[in-house]
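These notes are about the structure you will find just below.
Here it is, written out as structure tokens:
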């Protein structure tokens with residue numbers, strides 16, 4: 091991954107975390123990794139465990155960022171979420187998948203939080 095892509099990703103994660111905190115989410119883990127993959131953020135929102143995928147694009151519409159969460163990515167995120175829940179003994183906890191789509195490059199970043207963006211895909 092190029093340095094520029096890493097910087098854009100970090101910027102997007104920082105913007106998303108700030109936006110989610112304003113919405114009342116409580117951060118648990120940032121960049122959770124396991125042998126099955128990685129999820130950008132795991133948070134808690136009103137008693138629900140939330141697995142958040144953050145997609146940031148420079149100079150493109152916010153729609154382009156949303157489209158980046160395809161079927162393959164949903165399956166991978168589902169596997170990581172299930173592994174997290176099993177290893178942390180929280181399989182009975184309500185959970186959902188949110189997507190934060192961010193477009194940067196203009197005067198002000200566009201940020202959209204899509205709650206319950208998709209169902210478990212595994």
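Numbering (our numbering), first residue to last: 91 to 212. For each residue, glycine too, the CB sits at the ideal point set by N, CA and C.
Residue from the options whose Cα sits closest to the Cα of residue i
i, options, result
"residue 99", "205, 126 and 131", "131"
"residue 206", "185, 195 and 198", "185"
"residue 137", "116, 154 and 144", "116"
"residue 119", "92, 139 and 95", "139"
"residue 175", "147, 123 and 196", "123"
Secondary structure of residue i, DSSP reduced to three states
i, result
"residue 122", "strand"
"residue 117", "strand"
"residue 127", "strand"
"residue 145", "strand"
"residue 150", "coil"
"residue 182", "coil"
"residue 168", "helix"
"residue 198", "coil"
"residue 188", "strand"
"residue 104", "helix"
"residue 133", "strand"
"residue 214", "Residue 214 is absent from the structure shown; the chain starts at 91 and stops at 212."
"residue 207", "strand"
Sequence-distant residues of its chain with Cβ nearer than 6 angstroms to residue i (five each side left out)
i, result
"residue 211", "164, 165 and 168"
"residue 200", "152 and 193"
"residue 58", "Nothing about residue 58 can be read from this structure; the chain reaches only from 91 to 212."
"residue 126", "169, 170 and 173"
"residue 135", "115"
"residue 109", "201"
"residue 102", "144, 146 and 192"
7 angstroms CB neighbourhood of residue i in its chain, flanking five on each side removed
i, result
"residue 133", "110, 115, 116, 117, 118, 140 and 142"
"residue 189", "143, 145, 156, 159, 204 and 207"
"residue 149", "195"
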